[in-house]
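Encoded as structure tokens, the structure appears first; notes follow it.
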Amino acid sequence: MDKIFRVKYVDAEYSLLKKPLKPKLTKHEAYGYVEKNGNNIVVSFIKKIQKNKKEKTSTSEKIVEGLVIPDKSLISIIKKFKTDKLNGIKRLSNISVTWRDVIHIANKSIRECSIMYTEGVLYRIEKDYILLENPETIRMSPLPIKNHPLERTTFYIIPKTFITDIEVIEKNKNEKNTNRKRQR
Amino acid sequence: MKKILTEKDKGKNVVVEVHMWGGDDIKYPREKYKCVGVLMKDEPEMIRVAFNAIKNKVKDALDIPRKDVISIRRIKKSEIKVLD
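Protein chains in written order, with the numbering used here: chain X, 204 to 387; chain P, 49 to 132.
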């Protein structure tokens, strides 16, 4: 029998408004059947009932509806997490961030989080997140590569645990990176 | 089908597991599915199950016509594993 889970996690957030987002990560909660896939947690809201009870869910089987969240999005991990990735990066620097995002799945066999790439100004560094001003975000995976969201955002909150890579953008590098922006 | 939500439950989250018919053909769904979530509505024609919420505001939910419901089981707190 599939075990029933209540999952408490955080997610990235963006704003289209001129004022910064509330200085806090918002708590999310989901119910579902959970499976682990590497450093991803798959939360299925709806599942097909296998005709044969011994039959196991194949990893290629489509998820009817659910979420894939980074294992480090869990609230208990967020509270304890420490990183040196931001050491030496000054406030108001232009930075690029590669990060893993929560993805909502419907009738797809995706079992990995989205990979996102954001460029923006490091507006604030908090204990558990960074806030970027005038960010532009591209979803690199799953394909197709596209802007996320399609609208221009003013602020983006990214939990520190989601970050896989962070770099300061120097001017000439910045020019090079503009080719990656606003792909639709 | 007997109601799961009662007056006593008002203001409390009632977690249910629903077995239901579903499939591509809306008129004759023939696949069995199950889902788990908070029972939001328990009406003669349909039930609504919510799967996730942000700051207690429901984000994803499913309306299931009563005719497609095979069974509804109220889940005890002890049966729910918390992953946080």
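C-beta atoms are modelled at their ideal positions from N, C-alpha and C, and glycine is treated no differently.
Beta-bridge pairing of residue i - partner residues as DSSP gives them
i	result
I244 (chain X)	X:K239, X:I272
H231 (chain X)	X:Y212, P:I102
P338 (chain X)	None, per the DSSP bridge assignment.
M94 (chain P)	P:P113
Y359 (chain X)	X:Y217, X:L335
R121 (chain P)	P:E65
Y320 (chain X)	X:T301, X:I341
Alpha-carbon spacing of residue i relative to residue j, whole angstroms
i	j	result
I120 (chain P)	K225 (chain X)	39 Å
Y359 (chain X)	P338 (chain X)	7 Å
V63 (chain P)	E373 (chain X)	52 Å
V245 (chain X)	P345 (chain X)	15 Å
R342 (chain X)	I249 (chain X)	25 Å
I306 (chain X)	G235 (chain X)	15 Å
K311 (chain X)	E264 (chain X)	8 Å
K254 (chain X)	E370 (chain X)	50 Å
T381 (chain X)	I272 (chain X)	Annotation note: pLDDT 48 at T381 (chain X) (below 50); position unreliable, coordinate value reported separately. So the alpha carbons of these two residues sit roughly 29 Å apart.
R303 (chain X)	D274 (chain X)	10 Å
V300 (chain X)	K124 (chain P)	42 Å
N242 (chain X)	P223 (chain X)	31 Å
E336 (chain X)	L53 (chain P)	46 Å
A309 (chain X)	V237 (chain X)	16 Å
G269 (chain X)	K103 (chain P)	19 Å
D72 (chain P)	L110 (chain P)	16 Å
G323 (chain X)	V66 (chain P)	45 Å
K293 (chain X)	V210 (chain X)	34 Å
Nearest-angstrom Cβ-Cβ length linking residue i and residue j, presumed shorter than 8 Å
i	j	result
M94 (chain P)	P113 (chain P)	5 Å
Y81 (chain P)	V267 (chain X)	7 Å
E354 (chain X)	L219 (chain X)	6 Å
Same chain, Cβ closer than 6 Å to residue i, five either side skipped, listed in chain order
i	result
N100 (chain P)	K107, D108
V213 (chain X)	L228, S276, I281, P362
T286 (chain X)	K363
H231 (chain X)	Y212, D214
D368 (chain X)	T301
Residue i: contacting residues in chain X (beta-carbon distance under 7 Å)
i	result
E127 (chain P)	I207
Closer than 8 Å at the beta carbon, the chain P residues around residue i
i	result
F248 (chain X)	C83, V84, G85, F99, N100, D108, L110
Contact set between residue i and chain P, taken where Cβ atoms lie within less than 9 Å
i	result
A233 (chain X)	G85, F99, N100, A101, K107, D108
Other residues of its chain near residue i: CB distance less than 8 Å, five sequence neighbours each side excluded
i	result
M68 (chain P)	K80, Y81, K82, C83, I112, D116, V117, I118
F365 (chain X)	A215, P273, K275, S276, W302, R303, D304
K379 (chain X)	Model confidence at K379 (chain X) stands at a pLDDT of 47, short of 50, so the residue's coordinates are unreliable and nothing is read from them.
Contacts around residue i, its chain only, beta-carbon distance under 7 Å, and the 5 residues preceding and following it disregarded
i	result
K288 (chain X)	I366, I369
Proximal residues of chain X, C-beta to C-beta of residue i below 9 Å
i	result
K89 (chain P)	The premise fails here: K89 (chain P) is roughly 16 Å from chain X at the closest Cβ pair, so nothing lies under 9 Å.
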